[in-house]
Structures are given as C-alpha cells and as structure tokens.
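*Asks:*
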Amino acid sequence: MPGFERHVFVCTNERAADHPRGCCKSKGAVALRDKMKQELTARGLSKLIRANNAGCLDQCEHGVSVVVYPEQVWYGAVTSEDVVEIIERHLVGGEIVTRLLMPDQHKLPAELVPLRLPPRT
Ligand code: FES
C-alpha cells in the first residue's frame, strides 16, 4: 500500500454550458490536473504526493476547485499557472498559498508539515 504524504484533488466536473453554477472543466481543470501530475512526476514526487480527479466539490462558483489533504486546505480560481507555486510552496514546503485560498475557508491548520523527502541514495 503506497503511503502518500498528501493528496491533491482537482475538480474536473463538467456541466452543460448553460448551467447556472458553471463547472470547473470549462475553466481549464483538465489542463490543470494534467500539469499537476506532470510537475509532480518531473520532480520525482509522484510516489509521495498523489493528484487525483475529483467530481464536483460543491464550490463551483470558486472553481477551478482544488483541495489538499490531509490538511484540508481549499484553493479556488486555480489555474495551470498556479500549479508550480502550489507544489513548491505548499506540497513540498508546507506553506499555505494564501492568495489562492477560497473564501470562508474552514479553520486552517496552524502549521503545515513540509514534505518528508526520502534520503538520496
Ligand atoms: S464543478 Fe468544480 S466544484 Fe463544482
């Protein structure tokens, strides 16, 4: 069983173009998810951090919606251009990217744990 340090869920839900809530897919969610996976792999992190598709996270108006576990940090209006910053600052560095936080964020953890990288061999 793989022991991931963090999971990144990217909403890629699609709705009809005239749906009043919109959807993350129409805002570039698939490209964002693909870039997240590519950048994690390029950094050798794909065994430590898992990026997954998510269905609707019920934050459609703030999409593209991304949530990081285990700390439950929700990011909104995320674009592909934000992926490297999320990886480097949050997923590796243990620092919340405050400019991307969704409004009405639940209680944030006081401190995040930087990624525990395995020793180089
Ligand atoms: S469609 Fe992405 S949060 Fe609802």
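Per my numbering, residue 8 is the first one in the sequence shown, and the count goes up by one each step. Ideal Cβ placement from N, Cα and C applies to all residues, glycine included. The structure presented is a predicted model; accordingly, all values stated were derived computationally and were not measured.
Using three-state DSSP, classify Ile209 as helix, strand or coil.
*Replies:* In the structure as shown, the chain begins at 8 and stops at 128. Residue 209 is therefore absent and cannot be evaluated.
*Asks:* Taking Arg40 as the reference, which of Asp65, Arg106 and Asn20 has the closest Cα?
*Replies:* Minimum Cα distance to Arg40 is reached at Asn20.
*Asks:* For ligand 1, I want to know if Gln66 counts as a neighbour, meaning its beta carbon is within less than 7 angstroms of at least one of the ligand's heavy atoms.
*Replies:* Yes, the beta carbon of Gln66 sits closer than 7 angstroms to at least one heavy atom of ligand 1.
*Asks:* Return the first residue and the last residue of the alpha helix (DSSP H) that Val37 is part of.
*Replies:* Segment Ala36 to Ala49, the alpha helix (DSSP H) holding Val37.
*Asks:* DSSP state of Val73, grouped into three classes?
*Replies:* Strand, per DSSP.
*Asks:* Going straight from the alpha carbon of Ala84 to that of Ser72, what length do you get?
*Replies:* Cα to Cα, the separation comes out at about 7 angstroms.
*Asks:* Tell me whether Arg123 sits in a helix, a strand or coil according to DSSP, three-state version.
*Replies:* Coil, per DSSP.
*Asks:* Kindly indicate which three-state DSSP category Leu107 falls into: helix, strand or coil?
*Replies:* DSSP places Leu107 in helix when its eight states are reduced to three.
*Asks:* Let's see if you can read the secondary structure: which residues bound the beta strand (DSSP E) around Phe16?
*Replies:* Start and end: Arg13 to Cys18.
*Asks:* Look up Val139 in the DSSP assignment and give the residues it is bridged to.
*Replies:* Residue 139 cannot be examined here, being either before or after the span of the chain that is shown, 8 to 128.
*Asks:* Leaving out the 5 sequence neighbours to the left and right, which residues in its chain are closer than 7 angstroms to Val120 when beta-carbon positions are compared?
*Replies:* Once the five neighbours on either side are set aside, the close Cβ partners of Val120 are Gly101.
*Asks:* Just the Cα atoms here: how many angstroms apart are Met109 and Ala23?
*Replies:* Approximately 24 angstroms between the Cα atoms of the pair.
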